[in-house]
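K.L.:
Residue numbers (the numbering used here): 1 to 224. We put the beta carbon where it would ideally sit given N, CA and C, even for glycine. All values reported here derive from a predicted model rather than from experimental measurement.
Below, the structure written as structure tokens:
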């Protein structure tokens, strides 16, 4: 099962009273614009080589720098690393993290991160793998790209493949930072000619709720 299907339970848990809060405090656009920088990345071109239909969205939150921890305010690399730590150690990912640890932690995955403490301290350098489900495949000064949708131990094409881009972009003139999670999911195993997306629309909606919660978790870590 792909990452979206594995997170449906988390999304459903958030759909109650928290959904209104998340909708009010985060922004979301779907689909991504045709000129979005994601489409030009090496990883997207490599993994979606058939240019198959995809689920795609970008969720972000704008924070005043005055609310951000002082040691992070002028450093995009530190901001995106800390934001990434918060996203993977918060309430949104907790159920999936626990389930994936129970299912996949073994001698074969001993070089991967599974515990909350590990995710909270990782630098998320290129090649970092965690939960036997995510791998850092690109890294820039203000972004971390993860491949999702299957085990890093099986790097070939997948019926459900995906990329997450976690970012933090400073706007010093405005005195703000935009922190966000961009997602795209697609079939990388074979050409899709009928235009069918890899998941039903209800799964798209649930993933958007999950993405809002992830952004909320990451942003909280920057302000504490």
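Give me the residue from 106, 76 and 152 with the minimum Cα distance to residue 180.
P.N.:
Minimum Cα distance to residue 180 is reached at 76.
K.L.:
Alpha carbons only, please: which of 123, 219 and 58 is nearest the one belonging to residue 27?
P.N.:
58
K.L.:
Note down, one range per segment and in chain order, each beta strand (DSSP E) of at least 3 residues found wholly within the segment 35-108.
P.N.:
54-64
K.L.:
So what's residue 144 in DSSP terms, helix, strand or just coil?
P.N.:
strand
K.L.:
For the beta strand (DSSP E) containing residue 139, list its first residue and its last residue.
P.N.:
134-139
K.L.:
Do residue 223 and residue 51 have their beta-carbon atoms positioned less than 9 Å apart in this structure?
P.N.:
At the C-beta level, residue 51 and residue 223 stay beyond 9 Å of one another.
K.L.:
For the pair the segment 81-95 and the segment 203-222, tell me if three or more CB-CB distances fall below 8 Å.
P.N.:
yes
K.L.:
Whose C-alpha, out of 22, 40, 160 and 127, is nearest the C-alpha of residue 191?
P.N.:
160
K.L.:
On a CA-only basis, which of 42, 184, 33 and 97 is nearest residue 137? Give me that one, please.
P.N.:
42
K.L.:
Which first and last residues belong to the alpha helix (DSSP H) in which residue 177 is found?
P.N.:
From DSSP, residue 177 is part of no alpha helix (DSSP H) but of the beta strand (DSSP E) over 176-186.
K.L.:
Taking C-beta to C-beta, are residue 213 and residue 91 nearer than 9 Å?
P.N.:
yes
K.L.:
When DSSP labels each residue in this structure, what does residue 129 get in the three-state scheme?
P.N.:
Residue state, collapsed to three classes: strand.
K.L.:
Determine, using beta carbons only, whether residue 178 and residue 153 come nearer to each other than 9 Å.
P.N.:
no
K.L.:
Does residue 33 pass the burial test, meaning 16 or more other C-beta atoms within 10 Å, or should it be called exposed?
P.N.:
exposed
K.L.:
Rounded to the nearest angstrom, what separates residue 121 and residue 114 at their Cα positions?
P.N.:
12 Å
K.L.:
Taking only the alpha-carbon atoms, compute the straight-line gap between residue 186 and residue 54 and give it to the nearest angstrom.
P.N.:
About 5 Å.
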